[in-house]
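Quick notes on the structure that follows.
Numbering (the numbering used here), first residue to last: 4 to 491.
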(Lines of atoms letter the chains of each structure in order from A; the text may use other names.)
(Lines give C-alpha, C1' and ligand atoms only; values in the text may rest on other atoms or scores of the structure.)
Protein backbone atom coordinates (compact mmCIF):
# COMPACT_ATOMS: atom_id res chain seq x y z
CA UNK A 4 0.00 0.00 0.00
CA UNK A 5 1.44 3.35 -0.97
CA UNK A 6 1.98 6.10 1.56
CA UNK A 7 -1.09 8.30 0.71
CA UNK A 8 -3.42 5.26 1.01
CA UNK A 9 -1.92 4.31 4.39
CA UNK A 10 -2.58 7.82 5.66
CA UNK A 11 -6.16 7.76 4.44
CA UNK A 12 -6.69 4.31 6.01
CA UNK A 13 -5.20 5.45 9.31
CA UNK A 14 -7.38 8.57 9.32
CA UNK A 15 -10.52 6.55 8.55
CA UNK A 16 -9.61 4.10 11.30
CA UNK A 17 -9.26 6.93 13.79
CA UNK A 18 -12.66 8.27 12.73
CA UNK A 19 -14.26 4.86 13.27
CA UNK A 20 -12.53 4.54 16.66
CA UNK A 21 -13.74 8.00 17.69
CA UNK A 22 -17.27 7.09 16.60
CA UNK A 23 -17.17 3.88 18.64
CA UNK A 24 -15.86 5.71 21.70
CA UNK A 25 -18.50 8.41 21.37
CA UNK A 26 -21.29 5.86 20.88
CA UNK A 27 -20.25 3.86 23.92
CA UNK A 28 -19.85 7.04 25.98
CA UNK A 29 -23.40 8.09 25.11
CA UNK A 30 -24.83 4.61 25.70
CA UNK A 31 -23.13 3.69 28.94
CA UNK A 32 -21.80 6.84 30.60
CA UNK A 33 -24.26 9.59 29.69
CA UNK A 34 -27.33 7.42 29.15
CA UNK A 35 -29.02 8.16 32.47
CA UNK A 36 -28.22 11.87 32.35
CA UNK A 37 -29.60 12.22 28.81
CA UNK A 38 -32.67 10.11 29.50
CA UNK A 39 -33.65 12.22 32.50
CA UNK A 40 -32.97 15.69 31.08
CA UNK A 41 -35.96 18.00 31.21
CA UNK A 42 -35.39 18.94 27.58
CA UNK A 43 -36.02 15.30 26.58
CA UNK A 44 -39.69 15.30 25.59
CA UNK A 45 -39.89 11.54 25.93
CA UNK A 46 -39.19 11.94 29.63
CA UNK A 47 -42.20 14.21 30.01
CA UNK A 48 -44.38 11.93 27.89
CA UNK A 49 -43.38 8.97 30.06
CA UNK A 50 -43.98 11.04 33.20
CA UNK A 51 -47.64 11.49 32.30
CA UNK A 52 -48.15 8.15 30.52
CA UNK A 53 -49.62 6.53 33.65
CA UNK A 54 -51.66 7.71 36.58
CA UNK A 55 -49.54 9.31 39.27
CA UNK A 56 -49.64 7.94 42.75
CA UNK A 57 -51.35 10.11 45.35
CA UNK A 58 -50.51 12.46 48.18
CA UNK A 59 -52.43 11.29 51.22
CA UNK A 60 -53.82 13.15 54.24
CA UNK A 61 -55.20 11.03 57.09
CA UNK A 62 -55.96 8.11 54.80
CA UNK A 63 -57.63 10.13 52.03
CA UNK A 64 -56.01 11.23 48.74
CA UNK A 65 -55.92 14.96 48.03
CA UNK A 66 -54.73 14.35 44.49
CA UNK A 67 -55.82 12.27 41.49
CA UNK A 68 -55.32 11.80 37.74
CA UNK A 69 -57.61 12.12 34.74
CA UNK A 70 -57.27 11.18 31.07
CA UNK A 71 -56.57 14.04 28.66
CA UNK A 72 -57.52 14.02 24.99
CA UNK A 73 -55.64 15.41 22.00
CA UNK A 74 -52.23 15.36 23.70
CA UNK A 75 -49.08 13.24 23.91
CA UNK A 76 -49.62 13.29 27.66
CA UNK A 77 -52.21 10.66 28.56
CA UNK A 78 -52.92 11.76 32.13
CA UNK A 79 -52.96 15.08 33.94
CA UNK A 80 -52.98 15.78 37.66
CA UNK A 81 -56.13 16.69 39.55
CA UNK A 82 -56.45 18.11 43.05
CA UNK A 83 -59.17 17.88 45.68
CA UNK A 84 -59.63 21.27 47.37
CA UNK A 85 -56.54 22.50 45.56
CA UNK A 86 -56.43 25.94 47.19
CA UNK A 87 -56.48 24.37 50.63
CA UNK A 88 -53.64 21.93 49.98
CA UNK A 89 -51.38 23.61 47.40
CA UNK A 90 -48.92 24.85 50.10
CA UNK A 91 -48.38 21.16 50.87
CA UNK A 92 -48.57 19.50 47.46
CA UNK A 93 -47.14 22.18 45.20
CA UNK A 94 -48.16 21.47 41.59
CA UNK A 95 -47.49 19.00 38.79
CA UNK A 96 -48.19 20.58 35.40
CA UNK A 97 -47.70 19.08 31.94
CA UNK A 98 -46.54 22.47 30.68
CA UNK A 99 -44.91 24.14 33.69
CA UNK A 100 -43.20 21.35 35.60
CA UNK A 101 -43.58 20.44 39.26
CA UNK A 102 -42.81 21.90 42.68
CA UNK A 103 -42.71 20.89 46.33
CA UNK A 104 -43.87 17.35 47.16
CA UNK A 105 -44.96 16.76 43.57
CA UNK A 106 -41.39 17.45 42.46
CA UNK A 107 -39.38 16.06 45.35
CA UNK A 108 -41.28 12.76 45.41
CA UNK A 109 -41.79 12.53 41.63
CA UNK A 110 -39.95 9.21 41.40
CA UNK A 111 -42.31 7.59 43.89
CA UNK A 112 -45.43 9.18 42.39
CA UNK A 113 -44.56 8.16 38.82
CA UNK A 114 -43.35 4.71 39.81
CA UNK A 115 -39.85 5.35 38.45
CA UNK A 116 -38.03 5.28 41.78
CA UNK A 117 -35.48 2.45 42.04
CA UNK A 118 -37.19 1.29 45.23
CA UNK A 119 -40.20 0.32 43.08
CA UNK A 120 -38.10 -1.82 40.71
CA UNK A 121 -39.52 -5.07 42.10
CA UNK A 122 -43.11 -3.88 41.55
CA UNK A 123 -42.30 -2.87 37.99
CA UNK A 124 -40.60 -6.22 37.30
CA UNK A 125 -43.56 -8.21 38.66
CA UNK A 126 -45.87 -6.07 36.50
CA UNK A 127 -43.95 -7.10 33.37
CA UNK A 128 -44.84 -10.75 34.03
CA UNK A 129 -48.39 -10.26 35.29
CA UNK A 130 -49.37 -7.72 32.64
CA UNK A 131 -50.35 -5.14 35.22
CA UNK A 132 -49.78 -1.59 34.06
CA UNK A 133 -47.17 0.52 35.79
CA UNK A 134 -48.39 2.37 38.89
CA UNK A 135 -47.03 5.11 41.08
CA UNK A 136 -46.53 4.90 44.80
CA UNK A 137 -48.06 7.19 47.42
CA UNK A 138 -46.78 9.96 49.68
CA UNK A 139 -48.44 9.85 53.10
CA UNK A 140 -48.23 13.17 54.93
CA UNK A 141 -48.37 14.16 58.59
CA UNK A 142 -51.02 16.81 57.95
CA UNK A 143 -54.15 17.14 60.06
CA UNK A 144 -57.14 17.83 57.84
CA UNK A 145 -59.17 19.64 60.51
CA UNK A 146 -56.25 21.89 61.49
CA UNK A 147 -55.51 22.75 57.85
CA UNK A 148 -59.15 23.68 57.18
CA UNK A 149 -59.41 25.70 60.39
CA UNK A 150 -56.35 27.76 59.47
CA UNK A 151 -57.45 28.27 55.86
CA UNK A 152 -60.99 29.29 56.75
CA UNK A 153 -59.92 31.59 59.58
CA UNK A 154 -57.39 33.40 57.42
CA UNK A 155 -60.09 33.83 54.79
CA UNK A 156 -59.32 36.73 52.45
CA UNK A 157 -56.36 37.95 54.52
CA UNK A 158 -52.82 37.68 53.21
CA UNK A 159 -50.94 35.47 55.59
CA UNK A 160 -49.73 32.05 56.61
CA UNK A 161 -49.99 29.42 59.31
CA UNK A 162 -47.57 26.69 60.34
CA UNK A 163 -48.51 24.16 63.02
CA UNK A 164 -46.22 21.46 64.44
CA UNK A 165 -46.52 18.58 66.88
CA UNK A 166 -43.73 19.58 69.33
CA UNK A 167 -43.21 15.98 70.45
CA UNK A 168 -42.19 14.69 67.02
CA UNK A 169 -41.74 17.67 64.68
CA UNK A 170 -44.62 16.47 62.48
CA UNK A 171 -46.17 19.34 60.54
CA UNK A 172 -49.92 19.41 61.18
CA UNK A 173 -50.92 22.43 59.10
CA UNK A 174 -49.24 24.52 56.43
CA UNK A 175 -51.42 27.26 54.97
CA UNK A 176 -50.68 30.24 52.74
CA UNK A 177 -53.26 32.77 51.58
CA UNK A 178 -54.28 33.88 49.05
CA UNK A 179 -53.78 30.48 47.50
CA UNK A 180 -54.23 28.85 44.09
CA UNK A 181 -55.73 25.68 42.60
CA UNK A 182 -53.01 23.59 40.90
CA UNK A 183 -55.70 21.91 38.76
CA UNK A 184 -56.19 25.17 36.85
CA UNK A 185 -52.89 24.78 34.98
CA UNK A 186 -52.18 21.05 35.31
CA UNK A 187 -52.59 20.47 31.56
CA UNK A 188 -50.97 22.12 28.54
CA UNK A 189 -53.91 23.84 26.84
CA UNK A 190 -54.32 27.54 26.19
CA UNK A 191 -56.67 27.67 29.17
CA UNK A 192 -53.93 26.25 31.40
CA UNK A 193 -51.42 28.73 30.00
CA UNK A 194 -53.76 31.65 30.67
CA UNK A 195 -54.32 30.51 34.27
CA UNK A 196 -50.56 30.14 34.77
CA UNK A 197 -49.75 33.60 33.45
CA UNK A 198 -52.40 35.19 35.67
CA UNK A 199 -50.99 33.43 38.74
CA UNK A 200 -47.36 34.11 37.88
CA UNK A 201 -48.00 37.82 37.42
CA UNK A 202 -50.36 38.17 40.39
CA UNK A 203 -49.51 41.01 42.78
CA UNK A 204 -50.77 38.81 45.61
CA UNK A 205 -47.93 36.29 44.98
CA UNK A 206 -50.34 33.37 45.15
CA UNK A 207 -47.70 30.90 43.97
CA UNK A 208 -45.43 31.76 46.91
CA UNK A 209 -45.66 29.43 49.89
CA UNK A 210 -45.65 32.09 52.60
CA UNK A 211 -45.38 29.52 55.41
CA UNK A 212 -42.00 28.24 54.16
CA UNK A 213 -40.70 30.64 51.54
CA UNK A 214 -41.37 34.13 52.89
CA UNK A 215 -39.61 35.82 55.77
CA UNK A 216 -41.01 38.63 57.93
CA UNK A 217 -39.79 40.67 60.88
CA UNK A 218 -41.21 38.56 63.74
CA UNK A 219 -41.82 41.53 66.02
CA UNK A 220 -42.54 40.80 69.66
CA UNK A 221 -42.98 37.06 69.11
CA UNK A 222 -39.17 36.97 69.02
CA UNK A 223 -39.09 38.12 72.65
CA UNK A 224 -39.51 34.49 73.72
CA UNK A 225 -36.13 33.77 72.07
CA UNK A 226 -34.58 36.70 73.94
CA UNK A 227 -36.17 35.47 77.17
CA UNK A 228 -34.67 32.02 76.55
CA UNK A 229 -31.24 33.56 75.87
CA UNK A 230 -31.40 35.70 79.02
CA UNK A 231 -32.21 32.65 81.14
CA UNK A 232 -29.73 30.32 79.44
CA UNK A 233 -26.83 32.77 79.73
CA UNK A 234 -27.58 33.77 83.33
CA UNK A 235 -28.58 37.38 82.67
CA UNK A 236 -31.87 36.61 84.43
CA UNK A 237 -32.13 34.11 87.29
CA UNK A 238 -35.79 34.27 88.27
CA UNK A 239 -38.59 35.45 86.01
CA UNK A 240 -40.24 37.59 88.69
CA UNK A 241 -37.11 39.48 89.74
CA UNK A 242 -37.02 43.14 88.64
CA UNK A 243 -34.65 44.06 85.84
CA UNK A 244 -32.50 47.20 85.75
CA UNK A 245 -34.32 48.57 82.70
CA UNK A 246 -34.65 52.39 82.77
CA UNK A 247 -37.57 54.37 81.39
CA UNK A 248 -37.04 55.82 78.89
CA UNK A 249 -34.62 53.29 77.43
CA UNK A 250 -31.95 54.66 75.07
CA UNK A 251 -30.53 52.29 72.46
CA UNK A 252 -26.86 51.63 73.31
CA UNK A 253 -24.40 53.91 71.54
CA UNK A 254 -27.16 56.26 70.34
CA UNK A 255 -29.47 59.00 71.54
CA UNK A 256 -32.52 57.15 70.22
CA UNK A 257 -35.27 56.37 72.68
CA UNK A 258 -37.01 53.01 72.26
CA UNK A 259 -40.74 53.46 72.89
CA UNK A 260 -43.07 51.07 74.71
CA UNK A 261 -46.71 50.47 73.90
CA UNK A 262 -47.60 50.03 77.58
CA UNK A 263 -46.80 51.67 80.88
CA UNK A 264 -45.22 49.72 83.71
CA UNK A 265 -42.05 48.67 81.90
CA UNK A 266 -39.51 50.46 84.08
CA UNK A 267 -37.51 47.77 85.94
CA UNK A 268 -40.23 45.29 84.98
CA UNK A 269 -39.56 41.61 85.63
CA UNK A 270 -39.15 39.23 82.72
CA UNK A 271 -42.58 37.78 83.48
CA UNK A 272 -44.29 41.18 83.51
CA UNK A 273 -42.36 42.37 80.47
CA UNK A 274 -43.47 39.42 78.35
CA UNK A 275 -47.08 39.72 79.54
CA UNK A 276 -47.40 43.37 78.44
CA UNK A 277 -44.67 43.15 75.77
CA UNK A 278 -42.13 45.73 76.93
CA UNK A 279 -39.71 46.66 74.15
CA UNK A 280 -37.30 48.33 76.54
CA UNK A 281 -36.83 45.29 78.80
CA UNK A 282 -36.06 42.87 75.96
CA UNK A 283 -33.80 45.31 74.13
CA UNK A 284 -31.91 45.81 77.41
CA UNK A 285 -31.68 42.06 78.03
CA UNK A 286 -30.56 41.37 74.46
CA UNK A 287 -27.77 43.91 74.89
CA UNK A 288 -26.68 42.31 78.16
CA UNK A 289 -26.73 38.82 76.64
CA UNK A 290 -24.53 40.25 73.83
CA UNK A 291 -24.86 39.81 70.11
CA UNK A 292 -22.76 36.66 69.87
CA UNK A 293 -24.70 34.82 72.55
CA UNK A 294 -28.01 36.00 71.07
CA UNK A 295 -26.83 34.57 67.74
CA UNK A 296 -25.90 31.32 69.49
CA UNK A 297 -29.36 30.92 71.00
CA UNK A 298 -31.21 31.99 67.84
CA UNK A 299 -29.25 29.47 65.77
CA UNK A 300 -30.13 26.67 68.19
CA UNK A 301 -33.77 27.49 67.45
CA UNK A 302 -33.06 27.22 63.71
CA UNK A 303 -32.13 30.74 62.61
CA UNK A 304 -29.39 31.20 59.97
CA UNK A 305 -29.96 27.62 58.78
CA UNK A 306 -30.56 27.36 55.03
CA UNK A 307 -30.95 23.60 55.05
CA UNK A 308 -34.23 23.06 56.91
CA UNK A 309 -35.96 20.51 54.67
CA UNK A 310 -39.51 19.39 55.40
CA UNK A 311 -38.68 17.87 52.74
CA UNK A 312 -39.57 21.12 50.93
CA UNK A 313 -36.73 23.47 51.80
CA UNK A 314 -37.65 26.51 53.90
CA UNK A 315 -35.99 29.88 53.43
CA UNK A 316 -33.39 30.65 56.07
CA UNK A 317 -34.60 32.83 58.93
CA UNK A 318 -32.06 35.48 59.90
CA UNK A 319 -30.44 36.83 63.05
CA UNK A 320 -27.66 39.22 62.01
CA UNK A 321 -24.15 38.13 63.04
CA UNK A 322 -22.37 41.41 62.33
CA UNK A 323 -24.59 44.21 63.64
CA UNK A 324 -23.59 46.68 66.36
CA UNK A 325 -24.99 46.94 69.87
CA UNK A 326 -27.93 49.14 68.87
CA UNK A 327 -28.85 46.71 66.08
CA UNK A 328 -28.65 43.76 68.45
CA UNK A 329 -30.91 45.56 70.95
CA UNK A 330 -33.50 46.18 68.22
CA UNK A 331 -33.13 42.64 66.86
CA UNK A 332 -33.84 41.31 70.34
CA UNK A 333 -37.39 42.61 69.99
CA UNK A 334 -37.79 41.10 66.51
CA UNK A 335 -37.03 44.20 64.48
CA UNK A 336 -33.94 45.61 62.66
CA UNK A 337 -32.59 42.81 60.40
CA UNK A 338 -34.32 39.93 62.15
CA UNK A 339 -36.51 37.92 59.77
CA UNK A 340 -38.38 34.65 60.20
CA UNK A 341 -40.64 32.28 58.31
CA UNK A 342 -43.87 31.18 59.99
CA UNK A 343 -42.35 27.68 60.13
CA UNK A 344 -39.37 29.05 62.07
CA UNK A 345 -41.57 30.71 64.68
CA UNK A 346 -43.61 27.52 64.99
CA UNK A 347 -40.30 25.72 65.63
CA UNK A 348 -39.39 28.24 68.35
CA UNK A 349 -42.75 27.67 70.02
CA UNK A 350 -42.50 23.89 69.66
CA UNK A 351 -39.07 23.79 71.30
CA UNK A 352 -40.33 25.76 74.29
CA UNK A 353 -43.49 23.63 74.57
CA UNK A 354 -41.38 20.44 74.36
CA UNK A 355 -39.31 21.36 77.42
CA UNK A 356 -36.40 22.73 75.40
CA UNK A 357 -36.05 19.94 72.83
CA UNK A 358 -36.45 21.02 69.19
CA UNK A 359 -37.50 18.22 66.85
CA UNK A 360 -36.75 18.42 63.14
CA UNK A 361 -39.90 19.49 61.25
CA UNK A 362 -41.22 17.10 58.59
CA UNK A 363 -44.44 16.57 56.64
CA UNK A 364 -43.97 13.17 54.98
CA UNK A 365 -44.70 10.33 57.38
CA UNK A 366 -44.00 7.51 54.95
CA UNK A 367 -43.87 6.43 51.31
CA UNK A 368 -45.74 3.40 50.01
CA UNK A 369 -45.52 1.15 46.98
CA UNK A 370 -48.63 0.78 44.77
CA UNK A 371 -49.63 -2.27 46.86
CA UNK A 372 -49.41 -0.02 49.97
CA UNK A 373 -46.31 -1.69 51.38
CA UNK A 374 -44.23 0.89 53.26
CA UNK A 375 -40.93 1.51 51.47
CA UNK A 376 -39.67 4.36 53.64
CA UNK A 377 -40.79 5.55 57.08
CA UNK A 378 -39.74 8.82 58.68
CA UNK A 379 -38.44 8.57 62.22
CA UNK A 380 -38.62 11.71 64.39
CA UNK A 381 -35.21 13.31 64.91
CA UNK A 382 -33.98 15.71 67.56
CA UNK A 383 -32.57 18.84 65.95
CA UNK A 384 -31.15 20.75 68.94
CA UNK A 385 -31.62 21.81 72.57
CA UNK A 386 -32.01 25.61 72.55
CA UNK A 387 -32.69 25.76 76.29
CA UNK A 388 -32.79 23.52 79.34
CA UNK A 389 -36.00 21.88 80.47
CA UNK A 390 -36.09 24.10 83.56
CA UNK A 391 -35.72 27.31 81.58
CA UNK A 392 -38.22 26.11 78.99
CA UNK A 393 -40.76 25.62 81.76
CA UNK A 394 -40.10 29.18 82.97
CA UNK A 395 -40.79 30.53 79.49
CA UNK A 396 -43.92 28.36 79.34
CA UNK A 397 -45.14 29.92 82.59
CA UNK A 398 -44.66 33.40 81.14
CA UNK A 399 -46.40 32.49 77.87
CA UNK A 400 -49.35 31.08 79.80
CA UNK A 401 -49.62 34.42 81.62
CA UNK A 402 -49.69 36.23 78.25
CA UNK A 403 -52.81 34.28 77.27
CA UNK A 404 -54.43 34.15 80.71
CA UNK A 405 -54.12 37.86 81.56
CA UNK A 406 -52.10 39.62 78.91
CA UNK A 407 -52.14 40.53 75.22
CA UNK A 408 -53.06 37.02 74.05
CA UNK A 409 -56.44 36.59 75.73
CA UNK A 410 -58.23 35.82 72.44
CA UNK A 411 -56.35 32.50 72.25
CA UNK A 412 -57.89 31.17 75.45
CA UNK A 413 -59.53 27.73 75.20
CA UNK A 414 -61.89 26.70 77.99
CA UNK A 415 -60.41 23.96 80.14
CA UNK A 416 -57.07 23.96 78.28
CA UNK A 417 -53.73 25.49 79.26
CA UNK A 418 -52.54 27.69 76.40
CA UNK A 419 -49.30 29.64 76.16
CA UNK A 420 -48.69 32.32 73.58
CA UNK A 421 -47.06 35.55 72.50
CA UNK A 422 -48.37 38.37 70.35
CA UNK A 423 -46.38 40.39 67.87
CA UNK A 424 -47.00 43.49 65.78
CA UNK A 425 -44.02 43.91 63.45
CA UNK A 426 -43.24 47.28 61.89
CA UNK A 427 -41.67 47.37 58.45
CA UNK A 428 -41.06 49.52 55.39
CA UNK A 429 -39.17 52.79 55.14
CA UNK A 430 -39.81 54.74 58.31
CA UNK A 431 -42.14 51.89 59.41
CA UNK A 432 -44.84 53.45 57.24
CA UNK A 433 -46.26 50.20 55.83
CA UNK A 434 -49.13 48.44 57.57
CA UNK A 435 -47.62 46.26 60.30
CA UNK A 436 -47.60 42.46 60.27
CA UNK A 437 -49.74 40.79 62.91
CA UNK A 438 -48.15 37.72 64.55
CA UNK A 439 -49.19 35.18 67.12
CA UNK A 440 -47.37 32.09 68.36
CA UNK A 441 -48.91 29.61 70.78
CA UNK A 442 -49.13 26.05 72.03
CA UNK A 443 -51.77 24.00 73.84
CA UNK A 444 -51.18 21.45 76.59
CA UNK A 445 -52.61 18.00 77.17
CA UNK A 446 -53.66 17.14 80.74
CA UNK A 447 -50.37 15.24 81.16
CA UNK A 448 -48.38 18.42 80.42
CA UNK A 449 -47.26 17.42 76.93
CA UNK A 450 -48.12 19.62 73.99
CA UNK A 451 -49.74 18.20 70.83
CA UNK A 452 -49.59 21.42 68.82
CA UNK A 453 -47.54 24.60 68.44
CA UNK A 454 -48.73 27.27 66.00
CA UNK A 455 -47.36 30.37 64.32
CA UNK A 456 -49.64 32.77 62.47
CA UNK A 457 -48.67 35.84 60.47
CA UNK A 458 -51.09 38.19 58.76
CA UNK A 459 -49.48 40.49 56.22
CA UNK A 460 -52.45 42.70 55.61
CA UNK A 461 -56.06 42.62 56.75
CA UNK A 462 -58.15 44.61 54.32
CA UNK A 463 -60.67 46.82 56.03
CA UNK A 464 -58.83 46.88 59.37
CA UNK A 465 -57.65 50.29 60.56
CA UNK A 466 -53.88 50.53 61.04
CA UNK A 467 -54.24 51.23 64.77
CA UNK A 468 -56.38 48.09 65.13
CA UNK A 469 -53.79 45.76 63.60
CA UNK A 470 -52.38 43.55 66.35
CA UNK A 471 -51.27 40.00 66.83
CA UNK A 472 -53.68 39.54 69.71
CA UNK A 473 -56.62 40.91 67.74
CA UNK A 474 -56.08 39.38 64.29
CA UNK A 475 -53.74 36.41 64.53
CA UNK A 476 -54.64 34.91 67.94
CA UNK A 477 -58.15 33.78 66.88
CA UNK A 478 -56.60 31.92 63.93
CA UNK A 479 -54.15 30.12 66.21
CA UNK A 480 -56.96 29.28 68.61
CA UNK A 481 -59.01 27.65 65.83
CA UNK A 482 -56.03 25.52 64.77
CA UNK A 483 -55.27 24.41 68.33
CA UNK A 484 -58.93 23.53 68.95
CA UNK A 485 -59.02 21.46 65.76
CA UNK A 486 -55.96 19.46 66.79
CA UNK A 487 -57.20 18.92 70.34
CA UNK A 488 -60.58 17.78 69.08
CA UNK A 489 -59.12 15.42 66.50
CA UNK A 490 -56.97 13.61 69.08
CA UNK A 491 -60.08 12.84 71.10
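Idealized CB from N, CA, C, for every residue including glycine.
### Message
Please report the straight-line C-alpha distance between residue 152 and residue 62, rounded to a whole angstrom.
### Response
22 Å
### Paired residues, beta bridge with residue 452 - DSSP
443
### Query
What residue ranges within the region 278–342 form continuous beta strand (DSSP E) runs of no fewer than 3 residues, ordered along the chain?
List check, beta strand (DSSP E) in window: nothing returned.
### Task
Answer yes or no: do residue 181 and residue 86 have a C-beta to C-beta separation smaller than 7 Å?
yes
### Query
In or out: residue 70 buried (at least 16 other Cβ within 10 Å) or exposed?
exposed
### Query
If you draw a straight line from the alpha carbon of residue 159 to that of residue 363, how long is it in whole angstroms?
20 Å
### Contiguous alpha helix (DSSP H) assignments of at least 4 residues, all confined to the region 189–247
Those alpha helix (DSSP H) runs which fall completely within the region 189–247 and span 4+ residues are 190–200, 210–213, 223–232.
### Message
Suppose contacts are defined by Cβ-Cβ distances below 7 Å. Is residue 282 in contact with residue 250 by that definition?
### Response
Not in contact: residue 282 and residue 250 (Cβ atoms no closer than 7 Å).
### Query
When the Cα of residue 175 is compared with those of 386, 190, 146, which residue comes out closest?
146
### Task
For the alpha helix (DSSP H) holding residue 110, just list the boundary residues, first then last.
109–113
#### Entry: Sequence-distant residues of the same chain with beta carbon closer than 6 Å to residue 279, five excluded per side
Within the same chain, Cβ atoms closer than 6 Å to the Cβ of residue 279 are found at 258, 260, 333, the five residues on either side in sequence being excluded.
### Query
Which one or two residues does DSSP pair with residue 159 in a beta bridge?
177, 458
### Where the alpha helix (DSSP H) through residue 26 begins and ends
Here the alpha helix (DSSP H) through residue 26 covers 6–27.
### Query
Helix, strand or coil for residue 79 per DSSP?
strand
### Identity of the residues DSSP links to residue 366 by a beta bridge
139, 377
### Task
Compute the beta-carbon to beta-carbon distance between residue 188 and residue 97, rounded to the nearest angstrom, for a pair I have assumed lies under 8 Å.
4 Å
### Query
What residues in its chain sit with their C-beta under 6 Å from that of residue 116, if we drop five residues either side in the sequence?
110
### Query
Excluding the five sequence neighbours on either side, which residues of its own chain have a C-beta within less than 6 Å of the C-beta of residue 108, listed in chain order?
Correct list, in chain order: 138.
### Message
Which residue wins for smallest C-alpha separation from residue 262, given the options 345, 13, 411, 272?
### Response
272
### Task
Would you please state the rounded distance, in angstroms, between the beta carbons of residue 149 and residue 481? I believe it to be under 8 Å.
4 Å
### Message
Here's a check: name, in chain order, each residue in its chain whose Cβ is nearer than 6 Å to the Cβ of residue 10, leaving out the five neighbours to either side.
### Response
none
### Task
Tell me, please, which residues DSSP counts as bridged to residue 257.
250
### Task
Would you list the one or two residues that DSSP bridges to residue 3?
In this structure the chain extends from 4 to 491, so residue 3 is not present and cannot be described.
### Query
Tell me which same chain residues have a C-beta within less than 8 Å of the C-beta of residue 400, skipping the five on either side of it?
417, 418, 419
### Query
Contact between the region 329–343 and the region 211–224: three or more CB pairs below 8 Å?
yes
### Query
Taking residue 340 as the reference, which of 327, 319, 449, 352 has the closest Cα?
Of the candidates 327, 319, 449, 352, the one whose C-alpha sits nearest the C-alpha of residue 340 is 319.
### Query
Which residues bound the beta strand (DSSP E) around residue 418?
418–425 is the extent of the beta strand (DSSP E) around residue 418.
#### Entry: Cβ-Cβ separation, residue 266 to residue 252 (assumed contact under 8 Å), whole Å
Residue 252 to residue 266, Cβ: 17 Å. No contact.
### Task
Determine the extent of the alpha helix (DSSP H) in which residue 269 is found, giving its start and end residues.
Note, residue 269: premise wrong, no alpha helix (DSSP H); not H, not E.
### Query
Is it true that the region 394–409 meets the region 297–315, where meeting means three or more beta-carbon pairs spaced less than 8 Å apart?
no
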